[in-house]
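Residue numbers (full-length UniProt numbering): 1 to 325. First comes the structure, then the notes that go with it.
Here you go:
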């Protein structure tokens with residue numbers, strides 16, 4: 001039976017990747033530090049779903065703790081792959097506390113790469129971000145674009161992690177797939193992301209805080225599409241950086257309109273100036289994902305937002321209390 005180490009197992013993308021792996025009948029060793037970067041109830045909700053499945057082992061630890069990671073590798077190797085989805089994510093918060101972003105996203109990744117080298121793991125998958133493309137590249141963003149001008153410490157930390165992955169590929173032959181995810185959303189998503197917040201604010205009749213005039217656009221990508229693409233990256237490929245996005249950008253105002261329809265309520269929009277770390281637009285060129293992985297996004301924004309709304313209404317008793325400001 002194949003065995004995978006999955007970091008960030010209680011995270012939004014990590015939990016869905018874990019579910020898909022377990023459905024394939026493999027063994028998953030999931031680790032997560034369950035930090036309070038956002039409401040832990042969301043992480044526990046996702047984690048409890050994983051714990052009900054056979055062949056899942058959960059360890060509560062931090063990838064910044066090198067000794068604890070060594071104990072995990074010593075206990076569970078061999079791993080067919082390490083899937084590193086643990087991260088401090090989110091652009092605005094990285095400005096106020098850049099240190100924790102670099103400790104987790106850079107040092108944590110280094111710890112996992114070094115453990116993979118020492119314990120003979122041959123495949124490594126890293127979650128990266130579309131935030132690397134900044135504002136200087138033409139759209140749609142291609143993987144060979146210039147990523148040397150990140151707008152936030154978060155993006156800079158992911159650039160550093162990507163660079164470390166290449167170094168370990170070059171020096172030790174580690175097979176690495178780096179995925180640059182584009183604005184992932186869906187049920188039980190991160191509450192610091194716009195679509196979770198908009199859904200809650202509209203449903204509860206709270207003011208919807210919109211930065212800019214609503215014309216900023218995002219390549220919103222449904223979490224199931226992201227998770228399926230991530231699993232396709234487990235095959236041997238040498239070293240590849242691959243975009244995973246919907247290839248169909250929508251403005252914030254378009255997304256709000258879909259949510260208003262799904263919830264049957266109008267949004268009470270309060271406009272604020274754009275934030276300096278915000279990219280005006282994102283748009284993924286997914287040619288490489290199509291060619292190398294045979295991957296295509298399947299869920300439209302309208303369908304994905306309807307699924308988000310259905311989840312929210314089913315879990316409203318506690319989801320309505322999640323802090324989103």
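Built from N, CA and C at the ideal position, the CB exists for glycine as well.
Are the Cβ atoms of residue i and residue j separated by less than 9 Å?
| i | j | result |
| --- | --- | --- |
| residue 262 | residue 309 | yes |
| residue 77 | residue 112 | no |
| residue 182 | residue 243 | yes |
| residue 190 | residue 12 | yes |
| residue 362 | residue 50 | Any property of residue 362 remains undetermined from this structure, which presents the chain solely from 1 to 325. |
| residue 269 | residue 256 | yes |
| residue 86 | residue 167 | no |
| residue 282 | residue 215 | no |
| residue 121 | residue 115 | yes |
| residue 117 | residue 104 | no |
| residue 53 | residue 22 | yes |
| residue 95 | residue 277 | yes |
Please report the distance separating the alpha-carbon of residue i from that of residue j.
| i | j | result |
| --- | --- | --- |
| residue 321 | residue 251 | 27 Å |
| residue 102 | residue 199 | 31 Å |
| residue 97 | residue 185 | 24 Å |
| residue 238 | residue 289 | 15 Å |
| residue 324 | residue 311 | 17 Å |
| residue 158 | residue 106 | 7 Å |
| residue 92 | residue 35 | 18 Å |
| residue 179 | residue 131 | 12 Å |
| residue 44 | residue 9 | 10 Å |
| residue 177 | residue 284 | 17 Å |
| residue 205 | residue 317 | 15 Å |
| residue 55 | residue 2 | 10 Å |
| residue 253 | residue 227 | 26 Å |
| residue 134 | residue 165 | 21 Å |
| residue 375 | residue 149 | Beyond the ends of the chain as shown, which are 1 and 325, falls residue 375; an answer cannot be given. |
| residue 41 | residue 315 | 11 Å |
| residue 63 | residue 32 | 8 Å |
| residue 330 | residue 193 | Given a span of 1 to 325 for the chain in the structure shown, any question on residue 330 remains unanswerable. |
| residue 90 | residue 307 | 23 Å |
| residue 280 | residue 163 | 26 Å |
| residue 197 | residue 145 | 31 Å |
| residue 366 | residue 119 | Since the first residue of the chain shown is 1 and the last is 325, residue 366 is not available in this structure. |
| residue 319 | residue 173 | 45 Å |
| residue 161 | residue 170 | 14 Å |
| residue 271 | residue 26 | 48 Å |
My assumption, with CB atoms under 8 Å, is that residue i sits in contact with residue j. Please give the rounded CB distance.
| i | j | result |
| --- | --- | --- |
| residue 70 | residue 124 | Rounded, the Cβ-Cβ distance is 17 Å, inconsistent with contact. |
| residue 230 | residue 17 | 5 Å |
| residue 298 | residue 225 | 6 Å |
| residue 187 | residue 219 | Incorrect: roughly 19 Å between the Cβ atoms, too far for contact. |
| residue 156 | residue 129 | That belief does not hold up - the Cβ atoms of residue 156 and residue 129 are roughly 11 Å apart, past 8 Å. |
| residue 29 | residue 60 | Not quite, the Cβ-Cβ distance comes to about 12 Å (not below 8 Å), so this is no contact. |
| residue 208 | residue 202 | 6 Å |
| residue 140 | residue 247 | 7 Å |
| residue 274 | residue 211 | 5 Å |
| residue 109 | residue 126 | 7 Å |
| residue 241 | residue 302 | About 30 Å; that fails the 8 Å criterion. |
| residue 305 | residue 259 | 6 Å |
| residue 234 | residue 295 | Actually they do not touch by this definition, with Cβ atoms about 12 Å apart. |
Kindly examine the ligand SAM and report whether one of its heavy atoms sits closer than 8 Å to the Cβ of residue i.
| i | result |
| --- | --- |
| residue 186 | By its list of ligands, the structure shown contains no ligand whatsoever, and the ligand SAM lies outside what it can speak to. |
For a test of the three-state rule: what should DSSP assign to residue i, helix, strand or coil?
| i | result |
| --- | --- |
| residue 268 | strand |
| residue 164 | helix |
| residue 328 | Here the chain comprises residues numbered 1 to 325, so residue 328 is not present and cannot be evaluated. |
| residue 23 | helix |
| residue 170 | helix |
| residue 34 | coil |
| residue 232 | helix |
| residue 286 | coil |
| residue 59 | strand |
| residue 281 | strand |
| residue 339 | Lying before the first or after the last residue shown, residue 339 is absent from the chain, which here runs from 1 to 325. |
| residue 50 | helix |
| residue 42 | helix |
| residue 257 | helix |
| residue 315 | coil |
| residue 143 | coil |
| residue 367 | The first residue shown for the chain is 1 and the last is 325, placing residue 367 beyond what the model contains. |
| residue 305 | helix |
| residue 242 | strand |
| residue 333 | The question about residue 333 has no answer, for the chain in this structure spans 1 to 325. |
| residue 218 | strand |
Notebook entry, point to check: Can you give, in chain order, each stretch of the beta strand (DSSP E) that sits fully within the region 100-131 and has at least 3 residues?
Noted result: Qualifying beta strand (DSSP E) stretches, in chain order: 123-129.
Note to self: Report the start-end ranges of each beta strand (DSSP E) in the region 170-216 that is 3 residues or longer and not cut off at the edges.
What the structure shows: Taking only runs of at least 3 residues, the beta strand (DSSP E) segments lying wholly in the region 170-216 are 175-181, 207-211.
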